[in-house]
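Trainee: By the count of the UniProt record's numbering, the sequence shown reaches residue 1107 at its end, each step adding exactly one. All residues carry an ideal CB built from backbone N, CA and C; glycine is no exception.
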Amino acid sequence: MDALLPNVRPKESRKAPLERFLLTLRSHLLALPSIRSQNPIAAARALSKNGVSVPFALPNPTQETKWTVSFEPPSDLNVVGSWANQINVKKKDGGHFGVDLTVEMPSSMFQEKDYLNARYFHKRSYYLAVIARSISTSLQVDTFYAAALGDPRLTVLVLRPRRGSEHDFFNSHAEVRIIPVLPPSHPIPLNRLSPSNSNVRNQSQSQLLPTSSPSPTPIYNTALLLSTFPKLSLLSTNALVRSSPAFSDAHALLRIWANQRGYGEGSMCVHGFEGKGAWWAAVLGLIINGEDPAVGRTGKAGARRPIGKGLSSYQLFRASLDFLAKRDFGNDPAFVKSANRHMFPPDEYASKHCAVFVDATSTLNLLADVPLTSLDMLRYDAQQTLEQLIDSISTDDIFTDIFLKDQTHLSKRCDAIIRVDLLRVSKYGSAVDLMEYGTPDNALLSAVSKVLRCGLGDRVQAIAIFHPSSNVRSISEISGPRIAAVHIGLVYDSENALRLVDHGPPASEPETENTKEFRQLWGDKAELRRFKDGRIIESVVWEVNTSDERAHIPASIVRHLLHLHFGIPAADIQTIQTPFDAKLRIRDDVSRLHQTSGSFGGFKAALSAFDGVVRNLKALDDKLPLSLLNVSAVSEHLRYTSPFSPFPIPLSSSLALPTPLRYLAQIPIILEFEKSSKWPDDICAIQNIKLAFFETIATALMASTPGLRASVYIGDPRGLGVQDHVSLEILTAEGWAFSARIWHDREATVLERLIASPKTQPLFLAPSSCPITKYQREARHALDVYTRRLIHAPRHHRAVSDLSHRYAAYPGTVRLVKRWIASHWLLGIHITEEVVEIICARPFVGTNTMLPGMAVSVPRSKERGFALVLEFLKEWKPEDPLFVPMYEDNGSFTKPSVVAVSSKSGVWTVSTSQDKSGRMWTSCGPDAVAAHRLRALAEEACKILQAADADPYGVKRLFSHATDDYDILIELNPAVLPRYHHNVDADPAVWSKDRLGHATDGEAMSLPGFDPARMLFDDLEAMYSDTLKFFFDIYGGHRIGAIWLPSVSGGHSFRTLGGFSSIPAPKEEKKKGKAKGNVVLNQKSVLDEIERLGTGLIQKIVLRGQS
């Protein structure tokens, strides 16, 4: 913090030119000539001849207006705000420091009735325009208009320096903001500006009012009260600065925190907080001085007591977050302790304003025009930050997250992001609403906020409307540009977000007011329904057919309400969910072909099939020598984390499916039998016993279960018989394929004995001259496989299954991340599926404490979880160890010390409480090349996601893989690849009947797990691992990329078993000095061998670069 704070404040050494300019400006303004009274339209016409517009507020004055405007030199000028109190903080994105200069307009210019119909604002606008004309023609500075939220009633004049001019204060990084204000002796009665008064009542607008009695105009009145506020706020804040030594630093921390989250100015800001700088100081004032005890609170607790003036800046900052995280300003008004009684009765604020926070000066409600949705988002952000402070044990990491990171990226902040184009809005509010809120945009967004908050209700924790803050404009422009589009961010409530029915009031005769309001809110969606318990109530039912459609219910509600109440076409309301869903779903035409052939898949169907297999196996106890104790699932298809939902392929359906649609995934399972002393102690004999077991099980299963097919599969027969290479393949009548292995607990003991005691090996396999024999190496490899496959895989499966049920968005997050990594040719080749599942658990379970499912920071949608994982991968250094508490229960625990251990084949250390070494799923990858490639891809993906906030269809670029970096590109024939329909850019013409026709009976045999592209890849990897590094998309990829390893480039000395195909170095290269050795890599021979090896699969090989 000590290093941060000086960098966000103005430099004292650079203030001198600015102070000189302020003195010059003061002299200039006090010397301005008077302008006689005249009609506002005539006055504006005169200024327009000089290229200066008058930013009149609604309702605009007319030629028939009876009152006049004039100009007199200011009665006083003061530097106010944060600059005067020396608590100024640098704006986000390098914005200028604001130097607020109030210009008191003489009281002689005003009349008592100027509070009506924006007369005061019209006079203020003209006064500001006259100053703008004078400065633009007399001083060497650039002049602009600026208005918070685009509201012309809040227009100020912005002065920026010109480089090299007489008044150059560019190095101060500041801009001067001239703010016309009322003098203390103004004639406007303040009691007419109470929240319950209506001050927009002219004859021309009365016909548009919905009732004969005028509606209160609390926001209009607050805008007028702002002209009396700057000097009072200056004095109040100055008292806090003097009384609390840590106030300035705490204020800076709070403003930095708020700016990083869009509560201010920037390209993606929370609606309502622009121009609310004084509010943050007022919040700290409430923390230090407490609430007014004379004002009764409606909440459960009493008035907040003073926290003290001697606390540190961090303590004040954290206390402020605690206040923001717990306070519901809509139901619990806040009144800062004031030296004098409040100007208006507290009940009047609460009844006319949605949210109430009255400052210590008792002048105005600082949250008058801030919608409740924005305050809900503020409360959510404060809660999330407090959770981070509790969860994190690393001060540096949490400091970066809270104060230095830009948190305005919506994809990692909100569970759903909806972009709404406002150019075709057809239903705006009434004329009185436009005058109350100042602009059509503000009136529209306020109405949108109220409707969505009412419609979504407890489905969401927070709703926020994001849009760019208003920019400065030329003084020749009357108003700034309209808001073209906004983003609506939703933070889901995990319990209620996706419910199918919204219940309203019960049916009654006659209709109650609640019934009318419910039907008015939902339109034709509202209907009477009778439920099983006999109730007949107004309801809204959301019809869905798939889990993907159910995940879109909140977005569908937003789309329905915006179209119904504001006439926004459905095409102008977009969400990024749809493009993501398409990447996790097989094409509709493929799905129809499967369903036509009688195949109905899905995770629940796969689990049902697994349960059926377990029952069938348990029923064989009397036919087996040992009883079956347990069947453990170890497949991503049975824990909801495979990118694609599993689909069965019945034997009878194979004829109907073209080759590119025939892939049938195998689902591995583990069989555990009761313990027995009859198992042999010889590792080769154990494998043979397993083989006999499988023969017996296969025979008994086929005899007892009609339509089921079982066969014993023997893997690679090479080796010494140590490896567990025997499995039982089960194909059910419905078309589900399972691959079973047997776990024997003494197998590990036998392997460890072989590794430790080479004397137990046969003599011909254990020569005394070899310290580590081939037998030992194979035993060590077999032990690693045993531990990973039979010990850790079931544990991992149970942990991931538990997470999938505890956190609804976790499975979808894993599926998206797997699909993304696979689309960039890394998953399953360089990065295991299991380590991806562990990394994806991090946003859900935290890093230091196991977060409960209701924790604020836990993502509730797969899209947000995906964005958070990408953000982590972008910043995670491969050499840093990672611990993920995915096996723990809720609550704190002792985090084990993890030491990063990397090797040539694997540089990640990802540990859990069950794998403290962190090498179980990373020992074989990723290596340094793959790890750094993934980090670079994640960095680029984060940029694409940020851009997708503005263009949801840009999401497709996330899964597009560039091939320019590969030296070799092997293109396969997609027509013979059974998994091609999973391809990111699959071409449906490949499996069309016109091109392929029907399969023959011989081809119709179902081959579970048969993937020739992956088999070719594995062969290439085994043969050329010393020459090339290969990359491949395991989900239907039809191209294999490869790069030459640096170790084979250039010349080498000839030796036998050199590890790569070589030829004598050309004489020309030797003469040029390019080949220092006797031999060089024989690239042509390698490529020819690869082409021969892939005959029937490889279409062509493209050589993109020369080594």
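What's the gap between the Cα of Trp-280 and the Cα of Val-270?
Mentor: Answer to the nearest angstrom: the Cα atoms are 15 Å apart.
Trainee: Can you check the UniProt domain "Nrap protein" (413 to 566) for any beta strand (DSSP E) of at least 3 residues that lies completely inside it and give the ranges in chain order?
Mentor: Counting whole runs of 3 or more residues, the UniProt domain "Nrap protein" (413 to 566) contains the beta strand (DSSP E) stretches 416 to 421, 460 to 467, 485 to 492, 501 to 506, 527 to 530 and 536 to 541.
Trainee: Can you tell me whether Met-854 is buried or exposed? The criterion is at least 16 other CB atoms within 10 Å of its CB, across all chains shown.
Mentor: So Met-854 counts as exposed.
Trainee: If you compare alpha carbons, which of Ile-568, Ala-497, Leu-500 and Phe-323 is closest to Leu-445?
Mentor: With distances taken between Cα atoms, Leu-445 lies closest to Ile-568.
Trainee: On the criterion of 16 or more Cβ atoms from any shown chain inside 10 Å, does Phe-56 qualify as buried, or is it exposed?
Mentor: Phe-56 should be labelled buried.
Trainee: Would you mind reading off the limits of the beta strand (DSSP E) that contains Gly-1041?
Mentor: First-last of the beta strand (DSSP E) with Gly-1041: 1039 to 1044.
Trainee: What does a CB cutoff of less than 6 Å around Trp-736 pick up in its chain, not counting 5 residues either side in sequence?
Mentor: Here the set comprises Ala-609 and Pro-648.
Trainee: Looking only at DSSP bridge pairs, what is Ile-689 linked to?
Mentor: Bridge partners of Ile-689: none, in fact.
Trainee: Mark Trp-136 as exposed unless 16 or more other C-beta atoms lie within 10 angstroms of its C-beta, in which case mark it buried.
Mentor: Before going on, a small fix: residue 136 reads as Ser here, not Trp. Its Cβ being crowded by 16 or more others within 10 Å, Ser-136 is buried.
Trainee: Nearest to Ile-463 by alpha carbon, out of Gln-86, Gly-272 and Leu-882?
Mentor: For Ile-463, the nearest C-alpha among the options comes from Gly-272.
Trainee: Between which residues of its own chain and Ser-108 is the CB-CB distance below 8 Å, once the five residues before and five after are set aside?
Mentor: Same-chain partners within the cutoff: Glu-72.
Trainee: Going by beta-carbon coordinates alone, are Pro-183 and Met-105 separated by less than 8 Å?
Mentor: Contact: yes.
Trainee: Is the distance from the Cβ of His-173 to the Cβ of Thr-24 below 8 Å?
Mentor: No, they are not a contact pair.
Trainee: How is Cys-840 classed by DSSP in three states: helix, strand or coil?
Mentor: Looking at Cys-840 - three-state DSSP - the assignment turns out to be helix.
Trainee: Which residues mark the beginning and the end of the alpha helix (DSSP H) in which Gly-98 is found?
Mentor: No alpha helix (DSSP H) holds Gly-98; the beta strand (DSSP E) holding it covers 97 to 104.
Trainee: When DSSP labels each residue in this structure, what does Pro-61 get in the three-state scheme?
Mentor: Coil at Pro-61, not helix or strand.
Trainee: Looking only at DSSP bridge pairs, what is Leu-159 linked to?
Mentor: Bridge partners of Leu-159: Thr-143 and Val-176.
Trainee: Is it the case that the Cβ atoms of Leu-868 and Pro-881 are separated by a distance below 8 Å?
Mentor: No, Cβ-Cβ distance for Leu-868 and Pro-881 is not below 8 Å.
Trainee: Can you give me the C-alpha to C-alpha distance between Phe-170 and Ile-131, rounded to a whole angstrom?
Mentor: Each residue's Cα considered, the two are about 22 Å apart.
Trainee: I need the DSSP call for Ile-576, collapsed to helix, strand or coil.
Mentor: Of the three classes helix, strand and coil, the one that applies to Ile-576 here is coil, per DSSP.
Trainee: By Cβ distance, which residues of its chain are closer than 7 Å to Gln-687, with the 5 residues on each side in sequence left out?
Mentor: Correct list, in chain order: Gly-721, Asp-724 and Val-726.
Trainee: Consult DSSP for Ala-3 and reduce its assignment to one of helix, strand or coil.
Mentor: Correct three-state label for Ala-3: coil.
Trainee: What's the C-alpha gap between Arg-20 and Arg-26?
Mentor: C-alpha separation (whole angstroms): 10 Å.
Trainee: Please name the residue in Ile-689, Asp-985, Ile-1098 and Phe-866 whose C-alpha comes closest to that of Pro-625.
Mentor: The residue with the shortest Cα to Cα distance from Pro-625 is Ile-689.
Trainee: Pick helix, strand or coil for Phe-1031, following the three-state DSSP scheme.
Mentor: Phe-1031 falls in the strand class under three-state DSSP.
Trainee: My output table needs one value for Asp-397: the three-state DSSP class, helix, strand or coil.
Mentor: Reduced to three states, the DSSP call for Asp-397 is helix.
Trainee: Nearest-angstrom Cα distance between Asp-347 and Ser-362?
Mentor: Taking the straight line joining both Cα atoms gives about 14 Å.
Trainee: Would Gly-310 and Ala-360 be called neighbours here (beta carbons separated by less than 8 Å)?
Mentor: Going by C-beta atoms, Gly-310 is not nearer than 8 Å to Ala-360.
Trainee: Expressed to the nearest angstrom, what Euclidean distance is found between the alpha-carbon atoms of Leu-128 and Leu-404?
Mentor: Rounded to whole angstroms, Leu-128 to Leu-404 spans 38 Å at the Cα level.
Trainee: Helix, strand or coil for Tyr-713? Go by DSSP, reduced to three states.
Mentor: Note: Tyr-713 maps to strand in three-state DSSP.
Trainee: Is it a yes or a no for the segment 231 to 241 touching the segment 70 to 86, going by three-plus beta-carbon pairs under 8 Å?
Mentor: Counting Cβ pairs under 8 Å, three or more are found: they touch.
Trainee: From the DSSP output, which residues share a beta bridge with Lys-1100?
Mentor: DSSP output for Lys-1100 lists Glu-971 as bridge partner(s).
Trainee: For Ser-911, list the residues DSSP reports as bridge partners.
Mentor: Phe-883, per the DSSP bridge assignment.
Trainee: So Trp-991 and Leu-661 are supposed to be a Cβ contact under 8 Å. How far apart are they, rounded?
Mentor: Yes, they are in contact, since the Cβ atoms of Trp-991 and Leu-661 sit about 6 Å apart, within 8 Å.
Trainee: Within a Cβ cutoff of 8 Å, which residues of the same chain sit near Ile-536, ignoring the five residues on either side of it in sequence?
Mentor: Cβ neighbours of Ile-536 beyond the five flanking positions: Pro-506, Ala-507, Leu-528, Arg-529 and Arg-530.
Trainee: List the DSSP bridge partners of Cys-269.
Mentor: The partner list for Cys-269 (beta bridge, DSSP) reads His-467.
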